[in-house]
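K.L.:
Protein chains: 2
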Amino acid sequence: MNLPPLVQSFVLHFGEMGSRWGINRTVGQMYALLYVSEKPLNADEMAEALGFSRSNISMGLKELQSWRLVRLQHMPGDRREYYSTPDDVWAIFKTLAEERQKREVEPTLTMLREALLESPASEAERHAQARMGEMYTLIDLVTSWFGDIQRLDVETLQKLMKLGAQVQKILEFKQKLTAFTRSEEEKGA
Amino acid sequence: MNLPPLVQSFVLHFGEMGSRWGINRTVGQMYALLYVSEKPLNADEMAEALGFSRSNISMGLKELQSWRLVRLQHMPGDRREYYSTPDDVWAIFKTLAEERQKREVEPTLTMLREALLESPASEAERHAQARMGEMYTLIDLVTSWFGDIQRLDVETLQKLMKLGAQVQKILEFKQKLTAFTRSEEEKGA
DNA sequence: CTCAAATTTCAATAATTCCTGAAATTAGAG
DNA sequence: CTCTAATTTCAGGAATTATTGAAATTTGAG
Chain A
2 MNLPPLVQSF VLHFGEMGSR WGINRTVGQM YALLYVSEKP LNADEMAEAL
52 GFSRSNISMG LKELQSWRLV RLQHMPGDRR EYYSTPDDVW AIFKTLAEER
102 QKREVEPTLT MLREALLESP ASEAERHAQA RMGEMYTLID LVTSWFGDIQ
152 RLDVETLQKL MKLGAQVQKI LEFKQKLTAF TRSEEEKGA
Chain B
2 MNLPPLVQSF VLHFGEMGSR WGINRTVGQM YALLYVSEKP LNADEMAEAL
52 GFSRSNISMG LKELQSWRLV RLQHMPGDRR EYYSTPDDVW AIFKTLAEER
102 QKREVEPTLT MLREALLESP ASEAERHAQA RMGEMYTLID LVTSWFGDIQ
152 RLDVETLQKL MKLGAQVQKI LEFKQKLTAF TRSEEEKGA
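Residue numbers (this note's numbering), protein chains in the order written: chain A, 2 to 190; chain B, 2 to 190.
1. Specify the secondary structure class of tyrosine 83 of chain B as computed by DSSP and reduced to three states.
2. Please report whether the beta-carbon of arginine 26 of chain B lies at a distance below 9 Å from any beta-carbon of chain A.
3. Could you give the residue range of the beta strand (DSSP E) that holds arginine 72 of chain B?
4. Are the CB atoms of valine 90 of chain B and leucine 118 of chain A nearer to each other than 9 Å?
5. Would you kindly report the start and end of the unbroken alpha helix (DSSP H) that includes isoleucine 24 of chain B?
6. Just the chain A side, please: which residues come within less than 7 Å of threonine 96 of chain B by C-beta, in chain order?
7. Please look up how many angstroms separate the CB atoms of valine 37 of chain B and methionine 112 of chain A, rounded, as I've assumed it's under 8 Å.
8. Would you give the residue range spanned by the alpha helix (DSSP H) that asparagine 197 of chain B belongs to?
9. Using a Cβ-Cβ cut-off of 9 Å, state whether methionine 112 of chain A counts as contacting chain B.
10. What residues are listed by DSSP as bridge partners for asparagine 43 of chain A?
11. What residues from chain A crowd round threonine 109 of chain B, counting only those whose CB sits closer than 9 Å?
12. In the segment 54-82 of chain B, which residues sit with their C-beta less than 7 Å from some C-beta in chain A, listed in chain order?
13. Given this structure, state the Cα-to-Cα distance separating aspartate 45 of chain A from glutamine 30 of chain B, to the nearest angstrom.
14. Any beta carbon from chain B within less than 9 Å of proline 6 of chain A's own beta carbon?
15. Consider the Cβ of leucine 139 of chain A: report whether some Cβ of chain B lies at a distance smaller than 9 Å.
16. Measuring only between beta-carbons, confirm whether proline 87 of chain B sits less than 9 Å from chain A.
17. Indicate the three-state DSSP secondary structure (helix, strand or coil) for glutamine 167 of chain A in the structure shown.
18. Where glycine 23 of chain A and aspartate 154 of chain B are concerned, what is the direct C-alpha to C-alpha distance, given to the nearest angstrom?
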């Protein structure tokens, strides 16, 4: 691996993180490299920069494409394929959240829903089913919230981010939340 | 494995999910089993129920304890150790989020912060650093929001959940959010 | 204290996942 | 079309991770 030190530490960190998240180290490194690259890279450049085999790069890119984290493009007068990540970090985050939702949350909700339709055949099953119900409700609630946040458009987000005075904004957000939950309590009382 | 079918499908699903999340299959299954169990279980009961070796159970429990996902207790007149999961699903979710924050988010923020303090030695490094800055800001923003939601207390949450008419509540929440972002736009204009 | 039950550790091996080079396929320039 | 550069596939070996049984340690009842 022959990269500027700044880039190298980023790439290595992402590799480690990747493996904690069930993504393999080399795929994590590939993503990180593309993320900080000034210009799109082709597979040979990536193999060279990271010191992996060409075929490993090919498989990793396929994986990254399946997560929609990487975009493919062509350079005029060059038949090789060049890859890059989207510029907008918020869009990247949303894509990641959508994919995880689809791959992990949805199947779990489906499994739970099916379990909840069964007739429990014993006290143990009755209890298990009740627990699954609690989990279902929580996941459903949290992912709805998450979805709401995700639906914030890029412009709004960029504005928030560029203002820099995030703490301010977060405090306002917190206040809304507090107001919201307080009004619930009043209704409930 | 000799479990009621409802429990079995839940346990197996969690095992699969676990491996996607970098947690190993057997640890995922152990957690799932405890989660739906009516009463605390000891290690032998778990080994029996899941068909794993006693030593595997021991290591898995250590892992689960390090995540604070499992509590240890003793039964009167029995010297074996019994394990269970907390009842409150919201508390479980918060614990998980806290641990991930500590293990994954904090180290990443630290790495990024350090990278941002370096003086870039080239245009490539300059660009990489700018990208890292964008990532830093986003992670910081998202985790703050997440922290706010996490800080909602159990009672409020339980109220929301038990009301059952979640969709209603979510719509209200969405409205607050929309109001919030709209007022930002006005200020910005 | 003692001793047996309970738990943990750990080295060996089983299982899985990763990575590669060689071969096959695809695709675009001429 | 043809021919070659570019990419993908895939079987085999490398590396990592998971699981076990046996031995060591810990714990608490008596």
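Every residue gets a Cβ at the ideal spot worked out from N, C-alpha and C, and that includes glycine. Fair warning: this is a prediction, and the values are worked out from it, not measured in the lab.
P.N.:
If we stick to the structure as given:
1. Residue numbering aside, residue 83 of chain B sits at position 82 when the second sequence is read from its first letter. The answer is strand: DSSP assigns tyrosine 83 of chain B an E or B state.
2. The residue given as residue 26 of chain B occupies position 25 in the second sequence. With 9 Å as the cut-off, arginine 26 of chain B does not count as an interface residue toward chain A.
3. Within the second sequence, residue 72 of chain B is the residue found at index 71, counting from 1. It spans 72-76 - the beta strand (DSSP E) in which arginine 72 of chain B sits, taken as one unbroken run.
4. Within the second sequence, the letter at position 89 stands for residue 90 of chain B. Within the first sequence, the letter at position 117 stands for residue 118 of chain A. No.
5. Here residue 24 of chain B refers to the residue found at position 23 when the second sequence is read from its first residue. Bounds of any alpha helix (DSSP H) do not take in isoleucine 24 of chain B, whose DSSP letter is neither H nor E.
6. On the second sequence, residue 96 of chain B is found 95 positions in, with the first residue counted as 1. Chain A residues near threonine 96 of chain B: none, gap ~13 Å exceeds 7 Å.
7. Counting from 1 along the second sequence, the entry for residue 37 of chain B is found at position 36. Counting from 1 along the first sequence, the entry for residue 112 of chain A is found at position 111. Distance from valine 37 of chain B to methionine 112 of chain A at the Cβ level is roughly 13 Å; contact not present, criterion being Cβ atoms closer than 8 Å.
8. Coverage of chain B is limited to positions 2 through 190, which leaves residue 197 of chain B absent and any answer about it impossible.
9. If you number the first sequence from 1, residue 112 of chain A lands on position 111. Judged by the 9 Å Cβ criterion, methionine 112 of chain A is in contact with chain B.
10. Counting from one through the first sequence, the residue named residue 43 of chain A turns up at place 42. In the DSSP output, where bridge partners are listed per residue, asparagine 43 of chain A has A:Tyr83.
11. Here residue 109 of chain B refers to the residue found at position 108 when the second sequence is read from its first residue. Within 9 Å Cβ-Cβ: His14, Phe15 and Met18.
12. Residues of the segment 54-82 of chain B with a Cβ closer than 7 Å to any Cβ of chain A: none.
13. Translated into positions along the first sequence, residue 45 of chain A becomes position 44. Translated into positions along the second sequence, residue 30 of chain B becomes position 29. So the two alpha carbons sit approximately 42 Å from each other.
14. Here residue 6 of chain A refers to the residue found at position 5 when the first sequence is read from its first residue. Against chain B, the CB of proline 6 of chain A has a partner CB under 9 Å away; the residue lies at that interface.
15. By 1-based counting over the first sequence, the position of residue 139 of chain A is 138. Interface criterion met: the Cβ of leucine 139 of chain A is under 9 Å from a Cβ in chain B.
16. Taking the first residue of the second sequence as 1, we reach residue 87 of chain B at position 86. It does not; no Cβ of chain A falls within 9 Å.
17. For this step, residue 167 of chain A is matched to residue 166 along the first sequence. For glutamine 167 of chain A, the predicted structure reports a pLDDT of 40, less than 50, and the residue's modelled location is therefore unreliable. The matter cannot be settled from this model.
18. Stepping through the first sequence from its first residue, residue 23 of chain A is reached at position 22. Stepping through the second sequence from its first residue, residue 154 of chain B is reached at position 153. Taking the CA atoms as reference points, glycine 23 of chain A sits about 31 Å from aspartate 154 of chain B.
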